[in-house]
Every structure is written in C-alpha cells, then in structure tokens.
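Asks: Under the working numbering, the residues of the sequence shown are numbered 4 to 79, in order.
A virtual CB, placed ideally from N, CA and C, is assigned to each residue, including glycine.
Because the structure is a prediction, the values reported are computed rather than measured.
Can you read through this structure? Questions will come right after.
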Amino acid sequence: MPELPKAILFDLDDTILSFGGREALLIEVAEEFAAEIAPLSPVEVGAAIEVAFLDFWARPESYPTWRTRVLEARIA
C-alpha cells in the first residue's frame with residue numbers, strides 16, 4: 004500500500020494558490036454591473052480588484068487576522 008500524505012490542504016477560495024483566470028472572472032462579473040460601475044470599465048474594475056486582492060494577501064500582517072476570517076476579509 005502506498006504511503007498516505009501526512010496532510011491534505013484544500014484551498015477552496017484561492018487565497019493560497021491561483022492558477023490564473025480569476026481576473027477574467029472578475030471582469031465577467033463586472034460586465035454584469037457595467038451601468039453601476041460607469042464611468043469605469045469592467046476591465047478597469049476587474050484589474051483593480053485583482054490588484055487589491057494580491058496586495059491584501061501579500062501583506063504578512065493580513066495573515067494572522069484574516070486567514071481564519073476569510074468571509075470577512077472579502078469585504079475588509
């Protein structure tokens with residue numbers, strides 16, 4: 004029997020790993036709200052959210068507070 008892993012990590016919200024495509028999804032969602040976000044374009048909004056996401060999780064001080072409060076972190 005093969006040796007089982009000591010741990011399995013499930014990254015259900017892409018806060019640890021992202022294989023791309025998130026910004027495209029953000030743009031797609033922003034397109035649905037084009038009237039509400041005007042004069043910004045969906046591309047501008049999607050890109051801005053992606054930058055904010057990367058910045059937020061790149062800051063070491065974010066981890067202790069927000070890693071266990073992911074839903075709250077999404078609106079912080």
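Report the rounded CA-to-CA distance for Ser44 versus Ser65, giving the unit in angstroms.
Replies: In the sequence shown, counting from the first residue as 1, residue 44 sits at position 41. In the sequence shown, counting from the first residue as 1, residue 65 sits at position 62. Computed Cα separation, rounded: 29 Å.
Asks: How is Ile40 classed by DSSP in three states: helix, strand or coil?
Replies: Residue numbering aside, residue 40 sits at position 37 when the sequence shown is read from its first letter. Looking at Ile40 - three-state DSSP - the assignment turns out to be helix.
Asks: Since Arg25 and Glu53 are thought to touch, with beta carbons under 8 Å apart, how far apart are those beta carbons, to the nearest angstrom?
Replies: Residue mapping note: residue 25 aligns to position 22 of the sequence shown, counting from 1. Residue mapping note: residue 53 aligns to position 50 of the sequence shown, counting from 1. That pair is a contact at about 7 Å.
Asks: Could you give the DSSP three-state label for Arg77: helix, strand or coil?
Replies: Working through the sequence shown from its first residue, we reach residue 77 at position 74. Of the three classes helix, strand and coil, the one that applies to Arg77 here is coil, per DSSP.
Asks: Between Ala33, Glu39, Ala41, which lies nearest to Ala50 when the distance is taken from Cα to Cα?
Replies: Taking the first residue of the sequence shown as 1, we reach residue 50 at position 47. Considering only alpha carbons, the answer is Ala33.
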